[in-house]
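When we follow my numbering, the leftmost residue of the sequence shown carries the number 1118, and every step to the right adds one.
Glycine included, C-beta positions come from ideal geometry on N, C-alpha and C.
All of these numbers come straight from a predicted model, not from anything done at the bench.
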Amino acid sequence: MCGISGVAGLTDVSHILLASIKSLEYRGYDSCGMAILAQRRIEIRKDVGTVDEVIQRQRLYEVHGLLGIAHTRWATHGGVTSVNAHPHRSSDGAFAVVHNGIISNYRQLRGELEELGYVFSSETDSEVIPHLLHFYYRREQDVERALQCCLARLEGSYAFALLTTHEPERLYCAKLQSPLILGIGSNQNFIGSDFNAFIAYTRSAVVLDDHEYAVLTNDSYRIINALTSLPIRKNLMHIAWDPEQAQKGGYPHYMLKEVFEQPQTVSKVLAIERGELEKLARSLFDAGRAYFIGAGTTYYAALFGQYQLAELAQLFVPAISSDEFKFGALVDAETLVVAISQSGETYDTLEALRFAREHGAHTAAIVNVQGSSMTRLVDQVIMQGSGPEICVVSTKSALAQMLILTRLALVAGLLRGTLSAVQYDEREAELRLLPAVIQRILNEKSGFINTIARRHCHVNDWLYLGRGIYYAVAMESALKMKEVAYLHAEGMPGGFLKHGTLALIGEGVNTIVFTPPRAQRELHDLSLGSTEEVKARGGYLIGIHFDAEPSLYQDQVQLPEMPAILGPFAQLVVGQLLAYFAATALKRNVDKPRSLAKSVTVA
Ligand code: F6R
């Protein structure tokens, strides 16, 4: 969702602020702006477009000062216009605000303020905040009191930062349900929607919780509970990520960099202590019923987990899309809900967890971002350690989650006795081959996959077929194609095809079949059956396979022989590369696809 940042410094902060919103651009990129306070005056510049476009067009680099806030937007309320871009100001120009989230009672507040004579210039919900601040400041003659009164009126979700001419050394910020973090530096302090706002300047952070606000200067900060007005002491957190990891490092896109980082991502997952997985496995055994939940890609990771747990541990842990959870699941005090999330901030997943907790359920999560809301909400966390994922679409993080779930299934299988110690050791040893296997695919198959992608990128409709766990791989690979190449790609189980979708097969529809290794005899043969069905109707077939009969396909990616447990991961990498190369051939905005944003923090 939107990215917000703020800096209070001893020297000019404008270049830091610009670098900061550039680093947050993956959270939203339809418009951006900044407000700088200098000589008791706030200068705001904003416009539609990417951060670079707005910097150039509005010459943001010309504005200087010691205190500033900035915003990169993903529109929710109000179209993508310069007026709707943030920061928003109060009518007298004394308050400027950047906001992420949705003020759910903004219509009512706007009505009240308009009756009092306030004039709104934008269509956004956010603009009520500076006007409310102005209103309460006139009454209280104190900025902090005005902020407290304002917070008492706001409903919905917000993370906002503000500066005011009434207190030219201070930045204020407040949080409810949208993420907000302080960065504590030397002679400069920061506000950010996430670590990337300031990781280049400091790795010390304080994570704000709901109903907290903070007051920052360049050399101090304090945090206050907005409900009690009492100060709060919080521990500094050291951010484990290396700032270098958040750079493109010579790759044309973050997506490609992150796909190529996967051998290291896998090694990180393999280093997760078995004890951590055992703890989660035992929670699964103790639960009367358990679910995996996730959204988009992480739902497919959850589905992957469902198949692994069923096969390796003979445990049924259904996957449910977080947004449907409260309508489709049964939850009580005997339930365990295991959420999967890269950001740890996804609204739908957090809501599902809150719902589960309200019904007494036990909760756990597999998360990438340290200190995120989800890590603090659940009873049990496994950190995936994948490092920053900057591209809006998830690649390395998804692969890491699927691998964690595979290791969880192995541990669960061992504890339940569905796997012998020897079988467990063998499977774990096979997983240790995965970094080298992925490296080999990246080295040897990328060029080839690029050729296939270029040859077919003008085909608008795609079917992605998989059986068993390869069904999850097919779904996730199809999502990648939709997201980055903007091509219509529909994933489905191979067996589903004959129940209707077969009618689509013909000219103009390409079918990709994710065929398992021959060692998985039943799945392998069923996949060939689906392939034959498409072939018989004259469909164009692209096979991703290990050892199938090449004559079945018009195009194919043949993968090296490998243990069956590695097959889905290898095919996932092919799916990622296919989407990436199709997107680059079509000149798509790979790292920031249209209409998308990393970390969807609204309903
Ligand atoms: C797809 C993608 C999204 C996210 C989803 C959940 O490439 O990135 O589908 O997977 O929005 O996000 P997290 O994992 O942050 O909870």
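Here glutamine 1425 is not near leucine 1531, since their CB atoms are 8 Å or more apart. Counting every other CB atom within 10 Å of its CB across the protein chains shown gives glutamate 1240 a total below 16, marking it as exposed. The C-beta of asparagine 1627 has 16 or more other C-beta atoms within 10 Å across all chains shown, which makes the residue buried. In the structure shown, methionine 1491 adopts helical secondary structure according to DSSP, grouped into three states. In the DSSP assignment, the residues bridged to glutamine 1673 are Gly1660.
Unbroken beta strand (DSSP E) stretches of 3 residues or longer found wholly inside the stretch 1312-1398: 1321-1324, 1329-1333 and 1338-1342, given in chain order. Counted as a single uninterrupted DSSP element, the alpha helix (DSSP H) harbouring isoleucine 1586 occupies residues 1586-1597.
In this structure, the ligand F6R has a non-hydrogen atom nearer than 7 Å to the beta-carbon of glutamine 1459. Using a Cβ distance threshold of 8 Å, valine 1434 and phenylalanine 1409 count as a contacting pair.
Excluding residues up to 5 positions away in sequence, Trp1579, Tyr1581, Ala1595, Met1598 and Lys1599 lie with their Cβ nearer than 7 Å to the Cβ of alanine 1606 in the same chain. At the C-beta level, glycine 1120 and glycine 1185 stay beyond 8 Å of one another. Isoleucine 1246 sits away from glycine 1210, with the two beta carbons spaced by 8 Å or more. Residues of the same chain with a CB within less than 7 Å of the CB of lysine 1374, apart from the 5 flanking positions on each side, are Lys1365, Gly1366 and Tyr1368 in chain order. With at least 16 other beta carbons inside 10 angstroms of its own, threonine 1718 counts as buried. Secondary structure at aspartate 1440: helix, using DSSP grouped into helix, strand and coil. Burial state of threonine 1345 is exposed, judged by a 10 Å Cβ sphere holding fewer than 16 other Cβ atoms. The residues Ala1317, in chain order, have a CB closer than 8 Å to that of alanine 1136 in the same chain once the five nearest residues on each side in sequence are set aside. Residues Val1124, Gly1300 and Phe1315 of the same chain have their beta carbon placed closer than 6 Å to that of phenylalanine 1307, with the five preceding and five following residues left out of the count. Closest option to cysteine 1508, judged by alpha-carbon separation, among Asp1129, Gly1145, Ile1133 and Leu1643: Gly1145. Distance from the CA atom of alanine 1515 to the CA atom of threonine 1415, rounded to whole angstroms, is 7 Å. For leucine 1154, the pairing in a beta bridge is given by DSSP as Ile1159 and Leu1184. About 13 Å separates the beta carbons of glutamate 1244 and histidine 1188, which is beyond the 8 Å limit, so they are not a contact pair.
Listed in chain order, the non-local C-beta contacts of glutamate 1179 below 8 Å within the same chain number zero, local neighbours out to five positions each way being set aside. Checking the DSSP bridge columns, you'll see tryptophan 1579 partnered with Ala1606 and Asn1627.
Relative to the ligand F6R, even the nearest heavy atom lies 7 Å or more away from the CB of threonine 1718. Between the C-alpha atoms of glutamate 1378 and histidine 1355 there is a straight-line separation of about 23 Å. For valine 1510, the shortest separation between its Cβ and any heavy atom of the ligand F6R lies below 7 Å.
Counted as a single uninterrupted DSSP element, the beta strand (DSSP E) harbouring cysteine 1290 occupies residues 1288-1293. About 17 Å separates the Cβ atoms of threonine 1492 and alanine 1412, ruling out a contact at the 8 Å cut-off. Under the DSSP assignment, asparagine 1217 falls in the beta strand (DSSP E) whose first and last residues are 1212-1220.
Going by beta carbons, glutamine 1265 and alanine 1343 fall inside the 8 Å limit. The beta carbons of tyrosine 1330 and alanine 1589 sit no closer together than 8 Å. Of the heavy atoms belonging to the ligand F6R, none sits nearer than 7 Å to the Cβ of glycine 1120. For asparagine 1706, no beta strand (DSSP E) segment is defined, and its DSSP state is neither H nor E.
The three-state reading of DSSP puts valine 1601 in helix, counting H, G and I together.
Here phenylalanine 1433 carries a coil assignment [DSSP, helix/strand/coil].
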